[in-house]
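Take the sequence shown: its letters are residues 9 to 206, numbered as in the working numbering.
We put the CB at the ideal spot given by N, CA and C, even for glycine.
Down below is the structure, laid out as structure tokens.
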Amino acid sequence: MSIKDKIESLLFIAAKPMSIKQLADLINQPESEIKKAGDELEEEYKSNKRGVQIIKNGSKYQMVSSPDNARLVQEFIKDETTGELSRPSLETLTIIAYRGPITKSDLDHIRGVNCSLILRNLLIRGLIEAKSDKKGETYYNVTFDFIRFLGINDINELPDYEKLNNVESISIALSSGNEIEKNKRNLFGDAIDGEGNN
9 MSIKDKIESL
19 LFIAAKPMSI
29 KQLADLINQP
39 ESEIKKAGDE
49 LEEEYKSNKR
59 GVQIIKNGSK
69 YQMVSSPDNA
79 RLVQEFIKDE
89 TTGELSRPSL
99 ETLTIIAYRG
109 PITKSDLDHI
119 RGVNCSLILR
129 NLLIRGLIEA
139 KSDKKGETYY
149 NVTFDFIRFL
159 GINDINELPD
169 YEKLNNVESI
179 SIALSSGNEI
189 EKNKRNLFGD
199 AIDGEGNN
């Protein structure tokens, strides 16, 4: 697989812009080679008039939707961020509540799917927040608004918090489905009934 292919894959799953240094570290190639391949990829997307583009801002690249589809994308985002939360969104939010602060890669591993769009949705709704450490790793946690919405004063007051506040326990619970489903219902009640799968 070429450097361009690897950059394309990483930008696709990333929920935020990625720097040349980050890409170089992950792909294990010199920054000069990453920049060359990234610039070529940017031009390829631009010339082929695809529904998505790769943009560059300083030393960072990001995959975004085409400006030509801005209205369609805005309508979709509006529907996604004003309607009820889907089951996958509630499941992701439950995991963040019990396991946060947590990285996207850990979330993806626990759920077994790419959580980029769900995280973006939850961020827009103000239910979670993202913070980066000194190494540039992003961690997700629930917001104070989310805690107030649940009517509790501290995240430790969540049902079975001590039991589920570690990777092993929540992974086991997720694999069985019973504990996560029970705690989704404890947290959100009837909001999860009758919802779709997106």
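Helix, strand or coil at residue i according to DSSP, with G and I counted as helix
{"i": "A138", "result": "strand"}
{"i": "M9", "result": "coil"}
{"i": "I160", "result": "coil"}
{"i": "S73", "result": "strand"}
{"i": "K68", "result": "strand"}
{"i": "A45", "result": "helix"}
{"i": "S40", "result": "helix"}
{"i": "K209", "result": "Residue 209 lies beyond the residue range present for the chain, which begins at 9 and ends at 206; the question has no answer from this structure."}
{"i": "K14", "result": "helix"}
{"i": "A78", "result": "helix"}
{"i": "E92", "result": "coil"}
{"i": "S184", "result": "Reliability fails at S184, whose pLDDT of 47 lies under 50, so the model's placement of it is uncertain and the value that follows must be treated cautiously. Helix, per DSSP."}
Residue i classed as buried or exposed, judged by whether at least 16 other C-beta atoms fall within 10 angstroms
{"i": "A45", "result": "buried"}
{"i": "F154", "result": "buried"}
{"i": "A105", "result": "buried"}
{"i": "N77", "result": "exposed"}
{"i": "I21", "result": "exposed"}
{"i": "E16", "result": "buried"}
{"i": "L127", "result": "buried"}
{"i": "M9", "result": "exposed"}
{"i": "N164", "result": "exposed"}
{"i": "G185", "result": "Confidence at G185 is low in this model, with a pLDDT of 46, below 50, so the placement of that residue should be treated as unreliable; the coordinate-derived value is given next. That one is exposed."}
{"i": "N65", "result": "exposed"}
{"i": "N56", "result": "exposed"}
8 Å CB neighbourhood of residue i in its chain, flanking five on each side removed
{"i": "L18", "result": "M26, L31, L34 and I35"}
{"i": "K68", "result": "P25, M26, S27 and I28"}
{"i": "Y53", "result": "V60, Q61 and I62"}
Close Cβ partners of residue i (< 6 Å) along its chain, the five nearest in sequence each way excluded
{"i": "K24", "result": "none"}
{"i": "L208", "result": "Because the chain is modelled from 9 through 206, residue 208 falls outside the range shown and cannot be assessed."}
Proximity test, residue i beta-carbon vs the ligand SAM heavy atom, cut-off 7 Å
{"i": "G108", "result": "As for the ligand SAM, it is missing from this structure, which has no ligand bound."}
Unbroken beta strand (DSSP E) run spanning residue i, endpoints
{"i": "N65", "result": "V60 to N65"}
{"i": "T146", "result": "T146 to V150"}
Start-to-end residues for the alpha helix (DSSP H) that takes in residue i
{"i": "Q30", "result": "I28 to I35"}
{"i": "D116", "result": "K112 to R119"}
{"i": "L166", "result": "Looking at the DSSP string, L166 is not in any alpha helix (DSSP H), and its letter there is neither H nor E."}
{"i": "A105", "result": "R95 to R107"}
{"i": "N173", "result": "Neither: N173 is in no alpha helix (DSSP H) and is coded neither H nor E."}
{"i": "N129", "result": "S124 to R133"}
Same chain, Cβ closer than 7 Å to residue i, neighbours up to 5 away in sequence not counted
{"i": "E83", "result": "none"}
{"i": "N161", "result": "none"}
{"i": "F152", "result": "none"}
{"i": "E41", "result": "I11"}
Nearest-angstrom Cβ-Cβ length linking residue i and residue j, presumed shorter than 8 Å
{"i": "L80", "j": "I62", "result": "The Cβ separation is near 19 Å, so there is no contact."}
{"i": "T100", "j": "Y147", "result": "In fact, because the Cβ distance is near 14 Å, the residues do not count as touching under 8 Å."}
{"i": "I121", "j": "L135", "result": "Here residue 121 is Val; the residue named in the question, Ile, does not match the sequence. Actually they are not in contact, since the Cβ atoms of V121 and L135 sit about 19 Å apart, beyond 8 Å."}
Residue i at chain D interface by Cβ criterion, 8 Å
{"i": "K57", "result": "The structure shown has no chain D; it contains just one protein chain."}
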